[in-house]
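Working notes for the structure below.
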Amino acid sequence: TKLDDGELLFLELTEEIGSRKTTLKYIEFLLEKGWLTYNTKTGYYIIKSFDRIRSENNWRVRLSYPVDFNSYQNIKAITGAIIYGYLHKDFWRKVRRKKSVQIKGSTYHFLSPHFNYKEAPAPLSVLGIGTIFQVSPATASRLKKCALKHKLLEVQKNYGEFIPNKKAMELCLDYNDKPNNIVFVEGSYRFQLIDTIFPLFLFKRRQKLKT
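Position one of the sequence shown corresponds to residue 1 (my numbering), numbered consecutively onward.
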């Protein structure tokens with residue numbers, strides 16, 4: 001495509017982009033990533049296929065989530081679903097290898113060779129996701145909420161036993177270097193534990209990269 005003024009205007013109207021500066025910034029980003037190339041002789045931009053991008057970056061993970069014209073507008077929800085869905089799969093893979101994993105006071109077991117992890121939720125912390133993907137916990141939380149809103153994830157809030165004296169507990173936590181959040185729920189103060197996440201979609205598998 002040539003991306004002349006008419007085509008850029010069409011993109012801006014379709015995608016509700018507020019300014020030409022923003023549009024050009026997006027194009028520059030894609031050029032820097034190498035996902036879009038520019039032919040100086042013809043003046044045309046060439047969009048690389050996903051399989052070519054995958055091959056050039058040696059992305060060997062075959063899990064994928066199909067995005068079409070009707071769903072790509074919900075890109076934040078899809079991004080959240082993919083992040084949490086992949087880590088759900090990765091969590092149970094580690095539990096199967098180690099047989100059991102303890103997280104913040106809770107122990108998770110891979111019960112038997114016939115245990116189906118696809119039917120079990122997994123504890124996924126926004127702090128951990130922030131560290132892995134280099135985003136803020138607030139961003140990780142927003143992505144989770146978007147995926148929940150679009151019914152791509154099921155989220156179970158978890159809380160500890162009630163705390164009889166909140167102020168005394170907060171004083172104790174001053175000497176604890178681990179993050180703990182006290183919330184008021186079900187008529188009393190409790191520790192907020194890690195949410196357990198269950199994906200409501202299945203990944204598809206792409207072909208292996210050619211060697």
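Think of the CB as a built atom: it goes at the ideal place given N, C-alpha and C, for glycine as much as any other residue.
For clarity, every value in this text was computed on a predicted model and none was experimentally measured.
- In the displayed model, Val-135 falls within coil according to three-state DSSP, outside both helix and strand.
- Note: Ala-122 is bridge-paired with Ile-197 in the DSSP secondary-structure output.
- If you keep only unbroken beta strand (DSSP E) runs of at least 3 residues inside the segment 12-46, you get 36-39.
- Assigned with DSSP and collapsed to three states, Gln-207 falls in coil, not helix or strand.
- Counting along the chain, Leu-87 sits inside no beta strand (DSSP E); it lies in the alpha helix (DSSP H) bounded by residues 75-98.
- Taking a cut-off of 8 Å on C-beta distances, the segment 121-130 does not touch the segment 71-82, as fewer than three cross pairs fall below it.
- For Thr-40, the closest of Arg-54, Thr-1 and Asn-74 by C-alpha to C-alpha distance is Thr-1.
- In terms of Cβ geometry, Arg-205 and Arg-96 do not form a close pair [threshold 8 Å].
- Taking C-beta atoms as the reference points, Arg-60 and Leu-209 count as a pair closer than 8 Å.
- Listed in chain order, the non-local C-beta contacts of Ala-147 below 6 Å within the same chain comprise Ala-77, Gly-80, Ala-81 and Leu-153, local neighbours out to five positions each way being set aside.
- Secondary structure at Leu-153: strand, using DSSP grouped into helix, strand and coil.
- By the criterion of a C-beta distance shorter than 7 Å, Leu-200 is surrounded in its chain by Lys-151, Leu-152, Leu-153 and Glu-154, once the five residues flanking it on both sides are discounted.
- For Leu-63, the secondary structure class from DSSP, reduced to helix, strand or coil, is strand.
- DSSP places Lys-48 in the coil class of the three-state scheme, outside both helix and strand.
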